[in-house]
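**Student:** Protein chains in written order, with our numbering: chain A, 21 to 237; chain B, 3 to 123.
Glycine included, each C-beta is placed from N, C-alpha and C at the ideal position.
Sharing a structure, written as structure tokens. Questions coming.
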């Protein structure tokens, strides 16, 4: 499911986004880069928050987000270190709590992914490492049939072994060409090696949209 | 065949792929008429961007080493391999000449260069 921002302007808690226009195509990885405070996280929040206010349009899979939120959110996997879960409960319990919100949630798939990723079922989320916590979220996102993955600084603070696994997964996810990925990062090497397109924002406005091969930090 | 990507190398990732696939074709490791992996499959396997992989294939296509068949994918060209090998040798010869110029510039003697070659080969 692709994602499109069309002339999106918003103000939120001191952050401003000005006339943001770009798209996140299926079958590719789009990177989002920019200084701290440039507005990356605010951009994700416009998609994820129910009462986000903005001018312009956000479309997902060709549908207007504001009018089709419930439907669209079924297919979005949002992954962030700041993401709120029930931190005192383990991954399985969290998945069971949240399963009710997702029509296509598949418990067996979740269990299989958690095993594949080597994330502990029994540890409360607050006891997981950064990498494990991100992988738990990926497992959950994959098991409710997500087709649009929004990853906010998912690789920050991840150790190299986890990171390698993480990118293997990401590449597998887009190989089928029906999923789109938008991920923010600070790490140059991730952009040049793994990403197809890169959107740079600066002080709330788009500075450039390029193929990652032509991008220079 | 196995392609390795050196993240810290001086060559761009697409050039690394082009070089390794070119060598595989010229040495016959990939035989004429053989199907190439799809761009997406190779990108996923190497864990690199789809666009980078596409660029590498386009370069090989430009060099007439592979050709695309609409709707089917890429195949190794049935070219005269001797001719291609000859061409590749000439390319290497040019690079060698440049390198030797640099060696001379750095004050190396013929003997120095030869012993370096023996050491490194």
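Residue range of the beta strand (DSSP E) that residue 191 of chain A falls in?
**Tutor:** On the first chain, position 171 is the one that residue 191 of chain A refers to. From DSSP, residue 191 of chain A is part of no beta strand (DSSP E) but of the alpha helix (DSSP H) over 180-195.
**Student:** Expressed to the nearest angstrom, what Euclidean distance is found between the alpha-carbon atoms of residue 209 of chain A and residue 51 of chain A?
**Tutor:** As a first step, residue 209 of chain A must be located in the first chain, where it is residue number 189. As a first step, residue 51 of chain A must be located in the first chain, where it is residue number 31. Distance between the alpha carbons of residue 209 of chain A and residue 51 of chain A is about 12 Å.
**Student:** Indicate the three-state DSSP secondary structure (helix, strand or coil) for residue 59 of chain A in the structure shown.
**Tutor:** If you number the first chain from 1, residue 59 of chain A lands on position 39. Residue 59 of chain A: coil per DSSP, three-state reduction.
**Student:** Going along the stretch 9-28 of chain B in order, which residues come within less than 8 Å of chain A, judged by CB to CB distance?
**Tutor:** Listed by position along the chain: 9, 14, 15, 16.
**Student:** Could you tell me which residues DSSP puts in a beta bridge with residue 220 of chain A?
**Tutor:** Position 200 of the first chain, counted from the start, is the residue given in the question as residue 220 of chain A. In DSSP, residue 220 of chain A forms a bridge with A:53, A:228.
**Student:** For residue 54 of chain B, decide whether its Cβ has a neighbour in chain A, counting only Cβ atoms nearer than 9 Å.
**Tutor:** Along the second chain, read from residue 1 onward, the residue named residue 54 of chain B stands at position 52. Chain A, which has a Cβ nearer than 9 Å to the Cβ of residue 54 of chain B, makes this yes.
**Student:** Under DSSP, the alpha helix (DSSP H) around residue 99 of chain B begins and ends at which residues?
**Tutor:** Reading the second chain from its first residue, position 97 is the one you call residue 99 of chain B. Here the alpha helix (DSSP H) through residue 99 of chain B covers 83-107.
**Student:** Answer with yes or no whether the minimum CB distance from residue 233 of chain A to chain B is below 9 Å.
**Tutor:** Along the first chain, one-based indexing puts residue 233 of chain A at 213. By this cut-off, residue 233 of chain A is an interface position.
**Student:** Taking a contact to mean a Cβ-Cβ separation below 9 Å, would you say residue 150 of chain A touches residue 178 of chain A in this structure?
**Tutor:** Here the question's residue 150 of chain A lines up with position 130 in the first chain. Here the question's residue 178 of chain A lines up with position 158 in the first chain. For residue 150 of chain A and residue 178 of chain A, yes; Cβs fall inside 9 Å.
**Student:** Rounded to the nearest angstrom, how far is the Cβ of residue 97 of chain A from that of residue 161 of chain A, given a contact under 8 Å?
**Tutor:** By one-based count along the first chain, residue 97 of chain A stands at place 77. By one-based count along the first chain, residue 161 of chain A stands at place 141. Rounded, the Cβ-Cβ distance is 3 Å, consistent with contact.
**Student:** Let me know the beta strand (DSSP E) ranges lying completely inside the stretch 134-188 of chain A, each 3 residues or longer, listed in chain order.
**Tutor:** Correct list: 168-172.
**Student:** Whole-angstrom Cβ separation of residue 165 of chain A and residue 223 of chain A, contact assumed at under 8 Å?
**Tutor:** The residue you call residue 165 of chain A lines up with position 145 of the first chain. The residue you call residue 223 of chain A lines up with position 203 of the first chain. Going by Cβ atoms, the distance from residue 165 of chain A to residue 223 of chain A rounds to 37 Å, so no, they are not a contact pair.
**Student:** Please state if the CB of residue 52 of chain B and the CB of residue 48 of chain A are separated by a distance shorter than 9 Å.
**Tutor:** As a working note, residue 48 of chain A is residue 28 in the first chain. As a working note, residue 52 of chain B is residue 50 in the second chain. Yes. Within cutoff.
**Student:** Nearest by alpha-carbon distance to residue 28 of chain A: which of A:34, A:66, A:119 is it?
**Tutor:** Stepping through the first chain from its first residue, residue 28 of chain A is reached at position 8. Minimum Cα distance to residue 28 of chain A is reached at A:66.
**Student:** So, is the C-beta of residue 49 of chain B closer than 9 Å to a C-beta in chain A?
**Tutor:** For the purposes of this step, residue 49 of chain B is taken as the residue at position 47 of the second chain. Closer than 9 Å: yes.
**Student:** Tell me, please, which residues DSSP counts as bridged to residue 212 of chain A.
**Tutor:** Numbered from 1 along the first chain, position 192 holds the residue referred to as residue 212 of chain A. Residue 212 of chain A is not bridged to any residue.
**Student:** Within 8 Å: the Cβ of residue 212 of chain A and any heavy atom of the ligand HEM?
**Tutor:** As for the ligand HEM, it is missing from this structure, which has no ligand bound.
**Student:** Anything in chain A within Cβ reach of residue 46 of chain B, meaning under 7 Å, just list it in chain order.
**Tutor:** If you number the second chain from 1, residue 46 of chain B lands on position 44. 191, 192, 195, listed in chain order.
**Student:** Might you give, ordered along the chain, the residues of its own chain that have their beta carbon closer than 8 Å to the beta carbon of residue 216 of chain A, omitting 5 neighbours on each side?
**Tutor:** The sequence position of residue 216 of chain A within the first chain is 196, counting from 1. Contacts found: 48, 49, 50, 231, 232.
**Student:** Determine the extent of the alpha helix (DSSP H) in which residue 111 of chain A is found, giving its start and end residues.
**Tutor:** Sequence index remark: in the first chain, residue 111 of chain A carries index 91 (1-based). That run of the alpha helix (DSSP H) goes 111-119.
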